[in-house]
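Per the UniProt record's numbering, the sequence shown starts with residue 1, numbered consecutively. As structure tokens, the structure follows; a few thoughts come after it.
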Amino acid sequence: MSDLPRKAVTRTAKLAALPLGFAGRATWGLGKRIGGKSAEIVGRELQQRTAEQLFKVLGELKGGAMKFGQALSVFESALPEEVAGPYRAALTKLQEAAPPMPTRTVHAVLEERIGEDWRDLFLKFEDKPSAAASIGQVHRAVWHDGREVAVKVQYPGAGEALLSDLNQLSRFARLLGPLIPGMDVKPLIAELRDRVSEELDYGLEAQAQQAHAEEFADDPDVRVPAVVHQCEQVLVTEWIDGIPLSEVIADGTQEQRNRAGQLLARFLFSGPARTGLLHADPHPGNFRLLPDDSGDSGDPDGKDGMDGWRLGVLDFGTVDRLPGGLPPTIGDSLRMTLDGEAEAVYELLCEEGFVKQSIELDPDAVLDYLLPIIEPAQAEEFTFTRGWMRSQAARIADPRSPAYQLGKQLNLPPAYLLIHRVTLSTIGVLCQLGATVRLRDELEEWLPGFLPEDETALGEGESAAEA
1 MSDLPRKAVT RTAKLAALPL GFAGRATWGL GKRIGGKSAE IVGRELQQRT AEQLFKVLGE
61 LKGGAMKFGQ ALSVFESALP EEVAGPYRAA LTKLQEAAPP MPTRTVHAVL EERIGEDWRD
121 LFLKFEDKPS AAASIGQVHR AVWHDGREVA VKVQYPGAGE ALLSDLNQLS RFARLLGPLI
181 PGMDVKPLIA ELRDRVSEEL DYGLEAQAQQ AHAEEFADDP DVRVPAVVHQ CEQVLVTEWI
241 DGIPLSEVIA DGTQEQRNRA GQLLARFLFS GPARTGLLHA DPHPGNFRLL PDDSGDSGDP
301 DGKDGMDGWR LGVLDFGTVD RLPGGLPPTI GDSLRMTLDG EAEAVYELLC EEGFVKQSIE
361 LDPDAVLDYL LPIIEPAQAE EFTFTRGWMR SQAARIADPR SPAYQLGKQL NLPPAYLLIH
421 RVTLSTIGVL CQLGATVRLR DELEEWLPGF LPEDETALGE GESAAEA
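Written out as structure tokens, the structure is:
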């Protein structure tokens, strides 16, 4: 029997069971109500059972189905609390864990890819995986030179599974609607499908991770583990301990939440400027809050000395290649929007293809549409909350609102698709954290075009004079 269900008919049957399961539980709920239970209690039980089945099916399938579940777990911040609450715990599990593949399969992959003497490369190898994700699982080990390492092993047949799952999920998009009311899941699935092929290539992942590891080697705020060894279906990197961001979201201190949020924003905007690459999978399972290596990080409980903590970044399977960093258009349009320059913003959006030539919009209406979204960039510091994100989602998704009507007429150029997704996902994580972040500081430091050229030049001149 295959350890990763690969036959399309088998995987399709499992995915088809999701909407069928929803229907079955609805019938069960009707029976409960006839039997005397209140609709509210039955509704909660229904949602909990649905969440449990979602995790079970997506976790077992791994592949693209689990990838979809991880994406949902980031966007849950935008959902109404009565809908998001029952799913939150089950979806968050997808960020950190999944049912593992058997030890014999792991050994078979290592033997096939590294060689029969693969054990000679390790002083110790833990058969029990420390993490299992959408296309592979991670084992803790000790490299032959004594370094602690993470050994990422790709599931056999992961490529076929990813494409099969995402194709099937596209067909079930309408039936999956109850999970994410108000959100069109088809574009989300289409984008995931377009990106999965890169994530299957551990060679590309190793290059992206090593580029970040070298750039951030001496960074006081961010740590990226270096690549130790790479071959087809196997990637060995340095091991890092720390608090998973999902745990910080669940029960971290406010100091930990704020520090993690600040560093996440810093990494999002500084990464492209420093490496020409944008980490494009910002779900909480890919980040750790790390105490400083020197041991001077302050209270380990996070009550004091949070400035000493760093952000550990994992999984560079999906990146956006931006040789010149983030496009200056983003910074220019953001700055001009904050300054209320409606005509200039509209003209720039038209030039970049955000407004198609066949459409004419009111520049002031466009400005009104954008201003609430960029509220975090206006203040010296901003507290991200699920409530704020839900209010934004409701404003844009309500068919009765002017924002909804205007939003339907805007276009997202292909070059900005991944940047847009990463930005939204990161904001989703910041809202899950409930972090207070000095976002404007990061924009001024790292986002091209955000500061006017004369202000940037003045700042540089002052520094030179002081020197």
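Virtual Cβ for every residue (Gly too), placed ideally from N, Cα, C.
Who are the near neighbours of residue i in its chain, counting only those whose CB is closer than 8 angstroms to its CB and skipping five residues on each side?
| i | result |
| --- | --- |
| residue 119 | 125 |
| residue 148 | 140, 141, 142, 238 and 239 |
| residue 412 | 354 and 420 |
| residue 109 | 153, 154, 156, 233 and 234 |
Could you tell me the distance, in whole angstroms, from the CA atom of residue i to the CA atom of residue j?
| i | j | result |
| --- | --- | --- |
| residue 362 | residue 382 | 29 angstroms |
| residue 427 | residue 138 | 27 angstroms |
| residue 433 | residue 220 | 22 angstroms |
| residue 396 | residue 282 | 23 angstroms |
| residue 143 | residue 401 | 58 angstroms |
| residue 100 | residue 115 | 22 angstroms |
| residue 311 | residue 357 | 43 angstroms |
| residue 157 | residue 232 | 13 angstroms |
| residue 478 | residue 366 | A query on residue 478 cannot be resolved here, the shown segment of the chain reaching from 1 to 467 and no further. |
| residue 425 | residue 449 | 23 angstroms |
| residue 341 | residue 429 | 30 angstroms |
| residue 90 | residue 364 | Low per-residue confidence applies at residue 90: pLDDT is 49, beneath 50, and the placement is therefore not dependable, though the value from the model is reported in the following sentence. Going from the Cα of residue 90 to the Cα of residue 364 covers about 42 angstroms. |
| residue 394 | residue 339 | 25 angstroms |
| residue 343 | residue 266 | 30 angstroms |
| residue 447 | residue 334 | 10 angstroms |
| residue 146 | residue 260 | 30 angstroms |
| residue 345 | residue 407 | 15 angstroms |
| residue 244 | residue 287 | 6 angstroms |
| residue 347 | residue 308 | 44 angstroms |
| residue 416 | residue 132 | 30 angstroms |
| residue 107 | residue 389 | 45 angstroms |
| residue 264 | residue 113 | 35 angstroms |
| residue 403 | residue 204 | 40 angstroms |
| residue 210 | residue 154 | 19 angstroms |
| residue 95 | residue 369 | Confidence at residue 95 is low in this model, with a pLDDT of 44, below 50, so its placement is unreliable and the value that follows should be read with caution. So the alpha carbons of these two residues sit roughly 32 angstroms apart. |
| residue 202 | residue 228 | 13 angstroms |
Buried or exposed, going by whether 16 or more other CB atoms sit within 10 Å of the CB of residue i?
| i | result |
| --- | --- |
| residue 477 | The requested residue 477 is not part of the displayed model; the chain covers only 1 to 467. |
| residue 332 | buried |
| residue 359 | exposed |
| residue 152 | buried |
| residue 379 | exposed |
| residue 398 | exposed |
| residue 246 | buried |
| residue 315 | buried |
| residue 493 | The structure shown does not extend to residue 493, since the chain spans only 1 to 467, so no value can be given for it. |
| residue 391 | exposed |
| residue 217 | exposed |
| residue 323 | exposed |
Looking only at its chain, what residues have a beta carbon closer than 6 angstroms to the beta carbon of residue i, apart from the 5 residues adjacent to it on each side?
| i | result |
| --- | --- |
| residue 475 | Examination of residue 475 is not possible in this model, given that the chain is present from 1 through 467 alone. |
| residue 376 | 382 and 439 |
| residue 418 | 280 and 320 |
| residue 150 | 138, 237 and 239 |
| residue 258 | 435 and 436 |
| residue 127 | 103 |
Could you tell me whether the Cβ atoms of residue i and residue j are closer together than 9 angstroms?
| i | j | result |
| --- | --- | --- |
| residue 442 | residue 451 | no |
| residue 200 | residue 272 | no |
| residue 371 | residue 410 | no |
| residue 262 | residue 437 | yes |
| residue 291 | residue 252 | no |
| residue 214 | residue 226 | yes |
| residue 135 | residue 387 | no |
| residue 374 | residue 337 | yes |
| residue 313 | residue 222 | yes |
| residue 268 | residue 423 | yes |
Tell me which residues share the same chain as residue i and place their Cβ nearer than 7 angstroms to its Cβ, disregarding the 5 neighbours each side in the sequence.
| i | result |
| --- | --- |
| residue 111 | 118 |
| residue 319 | 208, 277, 278, 279 and 280 |
| residue 249 | 284, 432 and 433 |
| residue 129 | 100, 137, 138 and 139 |
| residue 122 | 141, 142, 143 and 144 |
| residue 270 | 446 |
Give the DSSP bridge partners of residue i, in chain order.
| i | result |
| --- | --- |
| residue 320 | 278 |
| residue 223 | 312 |
| residue 149 | 141 and 238 |
| residue 288 | 244 and 312 |
| residue 436 | 383 |
| residue 229 | 236 |
| residue 154 | 136 |
| residue 122 | 143 |
| residue 131 | 138 |
Would the C-beta of residue i count as close to the ligand SAH, meaning under 8 angstroms from any of its heavy atoms?
| i | result |
| --- | --- |
| residue 282 | This structure lacks the ligand SAH; in fact it carries no ligand of any kind. |
Just checking: is the beta-carbon of residue i within a distance shorter than 9 angstroms of some beta-carbon in chain D?
| i | result |
| --- | --- |
| residue 142 | The structure shown contains no chain D; it holds only a single protein chain. |
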